[in-house]
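A short write-up of the structure that comes next.
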Ligand SMILES: [Zn+2]
C-alpha cells in the first residue's frame, strides 16, 4: 500500500481507484494499514481497529481484508500455513523472520541473501540463518 496516506480524501480516492466503495469501515481499515510497512494478522488488525474506539465486526474486517488483497491494496504472506499475514508493503522486498520472536522485517530487494547456516547482519543484530525460502514469481515471455 502507498506510504503516508492518512488524509481522508486521499484514502477515499485510493479506494475508488480500485473500484471499492469507500464505506466508513473500509476507510478506517485503509488508514490503519497505510501508515507504515506492517505485517499483521487479521486478528491483530481487528483488535487494533477496536482499540481505537472503532466498532467494526470481525466478519467485516476479514471480508474487507480479502477484498483489499483481491484488488492489490495488500498482499498476503504464508510463512505459517495456519496463519495468514497481511503485508502492507507492496514494493518488491525480502523478509527476515526472527525465529525467537516471530517478528517479520522487510529486507531491501538488493540485499545479498545469505545461505543456510550463514550469518546475516541486520539492524545491529546478527542472525544465524536456519532456513531459507525464496519464491520467484514469473510469467513466460
Ligand atoms: Zn513485507
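Residue numbers (my numbering): 7 to 147.
Glycine included, each C-beta is placed from N, C-alpha and C at the ideal position.
- Could you tell me which uninterrupted beta strand (DSSP E) segments, each at least 3 residues in length, are contained entirely in the segment 54 to 93, listed from first to last along the chain? 81 to 86, 89 to 93
- Give every residue whose Cβ lies closer than 5 Å to any heavy atom of ligand 1, listed in chain order. With the cut-off at 5 Å, the residues found are 93, 95, 112.
- Query: Expressed to the nearest angstrom, what Euclidean distance is found between the alpha-carbon atoms of residue 44 and residue 147?
  - Reply: 33 Å
- Between the CA atoms of residue 137 and residue 24 - distance to the nearest angstrom: Here the C-alpha atom of residue 24 lies approximately 37 Å from the C-alpha atom of residue 137.
- Task: Round the Cβ separation of residue 119 and residue 100 to the nearest angstrom and send it over; I've been treating them as touching at under 8 Å.
- Result: 6 Å
- What residue from 28, 47, 29 has the CA that sits closest to residue 87's CA? 47
- Message: With H, G and I counted as helix, E and B as strand and the rest as coil, what does DSSP make of residue 102?
- Response: strand
- Message: If I follow the unbroken alpha helix (DSSP H) through residue 38, where does it start and stop?
- Response: 30 to 40
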